[in-house]
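Novice:
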Amino acid sequence: ILNVEQSPQSLHVQEGDSTNFTCSFPSSNFYALHWYRWETAKSPEALFVMTLNGDEKKKGRISATLNTKEGYSYLYIKGSQPEDSATYLCAFNEGGKLIFGQGTELSVKP
Amino acid sequence: DTGVSQDPRHKITKRGQNVTFRCDPISEHNRLYWYRQTLGQGPEFLTYFQNEAQLEKSRLLSDRFSAERPKGSFSTLEIQRTEQGDSAMYLCASSLLLGTVRDEQFFGPGTRLTVL
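Here it is, written out as structure tokens:
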């Protein structure tokens, strides 16, 4: 059974703090790794699709790195803002279908 | 709005009743996926279609669940004889298969099912 793990499960930070989350996945048969941001009552929003070992991607204050050999990806948020409060999901792409981790719930206090 | 839409957004039903959900994908997308998310967990894959063909079904999908995508456009997910354990958020996603690894999936807002 393919397992995708995320840590921490939840994180509470102050506005302006920088944060990072971890996603670990099987290092064999890698296809792609997806990151999503999911706010309550909204659709999960695609952040990044990462495909190559050593990939680094950036979108505003959010960036992500990928290590397929050791099976992990990091998501960084620089200078967290209250609007960054959401659940961050990573998903391992197994030939099209996504296998999700349980998510990291981020709460940013003003 | 050209995103993925789902209907209804919320459904409350009594145990034993049948329910049907609809998903309208992004118009040019040829792949359509169904996932289910329960409290405290990430979404779990249920099934997916390429055009009108159902290519894979999860072991999680019991015989009470059936999904269709009759013309390769919208899809329906039906649950027969609902059980309390079926209470969850049902998410639909679509993607355009380009023949690359990218396959970015775009999600709808989900249908929240509560079985009493």
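Chains A and B, in that order, give the protein sequences. For the first sequence, the residue numbers in the numbering used here are -3 to 106. For the second sequence, the residue numbers in the numbering used here are 144 to 259. Where is the CB? At the ideal position from N, CA and C, for every residue including glycine.
Rounding to the nearest angstrom, what Cα-Cα distance links K65 of chain A and V104 of chain A in this structure?
Specialist: K65 of chain A and V104 of chain A: Cα-Cα distance of roughly 32 Å.
Novice: Could you please give the first and the last residue of the uninterrupted beta strand (DSSP E) stretch that includes I222 of chain B?
Specialist: First-last of the beta strand (DSSP E) with I222 of chain B: S218 to I222.
Novice: Is D167 of chain B helix, strand or coil by DSSP?
Specialist: In the structure shown, D167 of chain B sits in a strand (DSSP, three-state: E or B).
Novice: Can you name the residues of chain A whose CB is closer than 8 Å to the CB of R174 of chain B?
Specialist: Correct list: G92.
Novice: Which runs of the beta strand (DSSP E) at least 3 residues long sit entirely within the segment 37 to 65 of chain A? Give them in chain order.
Specialist: Counting whole runs of 3 or more residues, the segment 37 to 65 of chain A contains the beta strand (DSSP E) stretches 41 to 46, 52 to 55 and 58 to 63.
Novice: Could you work out which residues of chain A lie near Q184 of chain B, taking near to mean beta carbons separated by less than 9 Å?
Specialist: By Cβ distance, chain A contributes F96, Q98 and G99.
Novice: Any beta carbon from chain A within less than 8 Å of G146 of chain B's own beta carbon?
Specialist: Chain A contact via Cβ: present.
Novice: Please state whether the Cβ-Cβ distance between Y233 of chain B and L256 of chain B is less than 8 Å.
Specialist: Taking 8 Å as the Cβ cut-off, Y233 of chain B and L256 of chain B qualify as a contacting pair.
Novice: Using 8 Å for Cβ pairs, my map puts V0 of chain A next to E247 of chain B. What's the rounded Cβ distance?
Specialist: Not really, about 18 Å apart at Cβ, beyond 8 Å.
Novice: Along chain B, in chain order, which residues have C-beta atoms closer than 9 Å to that of L85 of chain A?
Specialist: Under the 9 Å cutoff, chain B gives G185 and P186.
Novice: With a threshold of 8 Å, are at least 3 pairs of Cβ atoms found where one atom belongs to the segment 1 to 18 of chain A and the other to the segment 213 to 229 of chain B?
Specialist: Because the criterion of three Cβ pairs below 8 Å is not met, the segment 1 to 18 of chain A and the segment 213 to 229 of chain B do not touch.
Novice: For a quick check, are the C-beta atoms of D51 of chain A and L62 of chain A less than 8 Å apart?
Specialist: Taking 8 Å as the Cβ cut-off, D51 of chain A and L62 of chain A qualify as a contacting pair.
Novice: Just checking: is the beta-carbon of K38 of chain A within a distance shorter than 8 Å of some beta-carbon in chain B?
Specialist: Yes, because at least one Cβ of chain B sits closer than 8 Å to the Cβ of K38 of chain A.
Novice: What residues of chain B sit near N49 of chain A, judged by a beta carbon separation below 7 Å?
Specialist: Going along chain B, no residue has its Cβ under 7 Å from N49 of chain A, so there is no contact; the nearest lies around 13 Å.
Novice: Can you list the residues of chain A that F250 of chain B reaches, using a CB-CB cut of under 7 Å?
Specialist: The answer, in chain order, is S39 and P40.
Novice: Which residues bound the beta strand (DSSP E) around Q193 of chain B?
Specialist: It spans E187 to Q193 - the beta strand (DSSP E) in which Q193 of chain B sits, taken as one unbroken run.
Novice: Does any C-beta atom of chain B lie closer than 8 Å to the C-beta of A82 of chain A?
Specialist: It does not: the Cβ of A82 of chain A has no partner Cβ on chain B nearer than 8 Å.
Novice: Does the pairing of the segment 65 to 76 of chain A with the segment 13 to 24 of chain A give three or more beta-carbon distances under 8 Å?
Specialist: Contact between the segment 65 to 76 of chain A and the segment 13 to 24 of chain A is present, because at least three Cβ pairs lie under 8 Å.
Novice: Is the shortest distance between the beta-carbon of Y233 of chain B and the beta-carbons of chain A less than 8 Å?
Specialist: By this cut-off, Y233 of chain B is not an interface position.
Novice: Can you pull the chain B neighbours of N89 of chain A, defined as C-beta to C-beta under 7 Å?
Specialist: Simply D246.
Novice: Can you tell which of A:R33, A:L102 and A:C86 has its C-alpha closest to the C-alpha of P22 of chain A?
Specialist: With distances taken between Cα atoms, P22 of chain A lies closest to A:C86.
Novice: Could you work out which residues of chain A lie near E199 of chain B, taking near to mean beta carbons separated by less than 7 Å?
Specialist: Under the 7 Å cutoff, chain A gives K93.
Novice: Taking F135 of chain A as part of the beta strand (DSSP E), name the residues at either end of that continuous run.
Specialist: The requested residue 135 of chain A does not occur in the structure, where chain A is confined to residues -3 to 106.
Novice: Are G185 of chain B and G92 of chain A close, meaning C-beta to C-beta below 8 Å?
Specialist: No, these two residues do not count as a Cβ contact at 8 Å.
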